[in-house]
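Sequence order for the protein chains is A and L. When we follow our numbering, the leftmost residue of the first sequence carries the number 51, and every step to the right adds one. When we follow our numbering, the leftmost residue of the second sequence carries the number 261, and every step to the right adds one.
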Amino acid sequence: MTIPDPGTWGPMLAILAMAVATYLCRISGVALMSVIPLTPHVRRGLAALPGSIVVATVLPLIERLGVAAGIALLVAVGTMILRRSELLALITGMAAISALRAFGF
Amino acid sequence: MRVDAWRGFPLLEAMSPEPKPQSPGQPAVKAAPITMGGMLLGLRRVSVLIPGIVVFAVAFGAAAAAKGVTGLEAFLMSALVYAGVSQLVAMELWRPEWSWGAIAGLAVVTATVNARMVLQGAALQPWFAQYSRTLNAFHLFFYTDANWLIGTRYQAEGGRDLGVLVGAGLALWLVWIVATMLGYGLGTLVADPRRYGIDLVMPIFFAAMIVPLWRGRRGMVPWVVAGLVALVTAKLVDGYAFIIVGSLAGAITGAFRDDHP
Numbered sequence: 051m052t053i054p055d056p057g058t059w060g061p062m063l064a065i066l067a068m069a070v071a072t073y074l075c076r077i078s079g080v081a082l083m084s085v086i087p088l089t090p091h092v093r094r095g096l097a098a099l100p101g102s103i104v105v106a107t108v109l110p111l112i113e114r115l116g117v118a119a120g121i122a123l124l125v126a127v128g129t130m131i132l133r134r135s136e137l138l139a140l141i142t143g144m145a146a147i148s149a150l151r152a153f154g155f
Numbered sequence: 261m262r263v264d265a266w267r268g269f270p271l272l273e274a275m276s277p278e279p280k281p282q283s284p285g286q287p288a289v290k291a292a293p294i295t296m297g298g299m300l301l302g303l304r305r306v307s308v309l310i311p312g313i314v315v316f317a318v319a320f321g322a323a324a325a326a327k328g329v330t331g332l333e334a335f336l337m338s339a340l341v342y343a344g345v346s347q348l349v350a351m352e353l354w355r356p357e358w359s360w361g362a363i364a365g366l367a368v369v370t371a372t373v374n375a376r377m378v379l380q381g382a383a384l385q386p387w388f389a390q391y392s393r394t395l396n397a398f399h400l401f402f403y404t405d406a407n408w409l410i411g412t413r414y415q416a417e418g419g420r421d422l423g424v425l426v427g428a429g430l431a432l433w434l435v436w437i438v439a440t441m442l443g444y445g446l447g448t449l450v451a452d453p454r455r456y457g458i459d460l461v462m463p464i465f466f467a468a469m470i471v472p473l474w475r476g477r478r479g480m481v482p483w484v485v486a487g488l489v490a491l492v493t494a495k496l497v498d499g500y501a502f503i504i505v506g507s508l509a510g511a512i513t514g515a516f517r518d519d520h521p
């Protein structure tokens with residue numbers, strides 16, 4: 051006996067599969083940490099985690115997206131240092147990348 | 261003992277440049293009530309991120325329309341998956357005919373793109389653990405990069421009301437769906453996300469986050485390790501595995517450093 055092909059339900063099943071995979075990602079970190087005891091080591095690791103996620107996400111993306119993206123992100127960080135506003139950082143960062151790309155960088 | 265007093269507040273203690281003093285006798289695990297005020301605060305916090313999220317969702321909607329995805333499918337994907345980067349990646353892989361293998365493959369790609377959520381959830385677990393399992397199962401459905409950024413910052417300031425995340429999550433989810441359909445309607449008008457820097461929305465929010473997370477040069481060592489490991493991983497492995505490998509390397513470095521963070 052073979053499972054019938056997804057057929058017309060294919061797209062819906064694909065979306066459902068994505069939804070399940072994503073929800074498992076959302077809950078599994080929380081579920082995992084609820085069985086790991088919060089020793090000083092784990093505590094320090096968790097404390098280092100947010101900044102590590104940010105840097106580990108951004109640096110390779112700059113590498114992939116190019117110099118213009120790197121400059122735009124520096125502009126955004128600079129805005130954030132001066133004004134502490136995510137919205138302003140987004141505006142200056144996107145203005146920078148749009149301008150740089152318009153000029154062919 | 262100081263270590264005991266920290267229990268339940270590891271992020272608060274470690275991330276805040278000027279940690280709020282906790283009275284040592286007070287049990288730290290009691291959950292703060294979820295208030296309307298907290299939900300409104302979440303709404304206010306998320307409002308500054310909304311323009312960027314709208315742009316991102318519009319880009320996804322437009323990409324979906326360009327790929328020949330139906331309006332209902334685009335709507336369901338935004339409502340049920342609700343994870344921007346993975347949705348855009350899915351549009352790259354979208355096809356007219358689906359085999360079981362292709363569906364499984366898409367699920368695996370989605371899981372690797374969203375694997376950072378595992379760590380983002382872990383990072384805030386000590387806070388979530390104070391609440392019931394049902395509530396966590398519910399609000400985690402709405403847990404995104406933006407929520408994680410808001411929650412991390414709110415915690416660092418000493419906040420404990422989970423309503424902030426619930427309010428921010430629900431608001432953002434509605435905005436995400438509406439903006440998706442807007443982009444779907446606009447279609448090819450905005451089909452080139454690169455031109456307006458839409459591919460940079462998520463990196464900009466992440467880079468901007470470095471500023472409030474900054475706590476001096478000593479805290480930087482795990483970040484440098486995370487960045488270098490992520491760069492090397494990105495060179496060696498396709499896809500988005502670099503996020504989780506780099507982040508874990510940073511966390512492990514942080515865990516085994518001798519000095520206190």
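The C-beta atom is built at its ideal place from N, Cα and C for all residues, glycine as well.
Considering only L/Leu473, L/Gly427, L/Ser346 and L/Arg478, the residue with the shortest C-alpha distance to L/Thr295 is L/Gly427. When only Cα atoms are considered, L/Thr412 and A/Thr58 end up about 42 Å apart. Using a CB distance cut-off of 8 Å, A/Ile121 does not count as an interface residue toward chain L.
Within the stretch 317 to 375 of chain L, the complete alpha helix (DSSP H) segments of 4 residues or longer fall at 331 to 336, 344 to 353 and 360 to 373, listed in chain order. CA-to-CA, the gap between L/Thr372 and A/Val70 works out to about 13 Å. DSSP places L/Arg455 in the coil class of the three-state scheme, outside both helix and strand. Using a Cβ-Cβ distance cut-off of 8 Å, the stretch 506 to 519 of chain L and the stretch 87 to 98 of chain A are in contact, since at least three pairs of beta carbons, one from each stretch, lie closer than that value. Less than 8 Å separates the beta-carbon of L/Ile363 from that of A/Pro56. Burial is judged here by how many other beta carbons sit within 10 angstroms of a residue's own beta carbon; A/Ser102 has at least 16 and is buried. Put simply, of L/Ala324, L/Gly423 and L/Val485 the residue whose alpha carbon is nearest the alpha carbon of L/Gly298 is L/Gly423. A/Val85 has a beta carbon lying at 8 Å or more from every beta carbon in chain L. With respect to L/Ile310, L/Val471 sits apart: the two C-beta atoms are not nearer than 8 Å. Take A/Ala118, set aside five residues on each side of it, and the residues of its chain with a beta-carbon closer than 7 Å to its own are Ile147, Leu150, Arg151 and Phe155, in chain order. In this structure, A/Ile65 lies away from L/Trp360, with their beta-carbon atoms at least 8 Å apart. Between A/Val80 and chain L, the shortest Cβ-Cβ separation is below 8 Å. Apart from the 5 residues on each side of it in sequence, A/Leu138 sits with its Cβ closer than 6 Å to the Cβ of Thr129 in its chain, given in chain order.
Across the set L/Lys327, L/Ala326 and L/Gln347, the C-alpha of L/Gln347 shows the shortest separation from the C-alpha of L/Leu336. For the C-beta of A/Gly101, the chain L residues within less than 9 Å are, from N- to C-terminus, Met275, Met469, Ile470, Leu473, Trp474, Arg475, Gly479, Met480, Pro482, Trp483, Ala486, Gly510 and Gly514. Residue range Gly423 to Leu446 is occupied by the alpha helix (DSSP H) that includes L/Ile437. With respect to the 8 Å criterion, L/Tyr414 and L/Met377 are not classified as neighbours on the basis of their beta carbons.
For A/Ala145, the three-state secondary structure derived from DSSP is helix.
In the three-state DSSP reduction, A/Ser84 falls in the coil class, being neither helix nor strand. It is roughly 7 Å from the alpha-carbon of L/Val461 to the alpha-carbon of L/Phe316.
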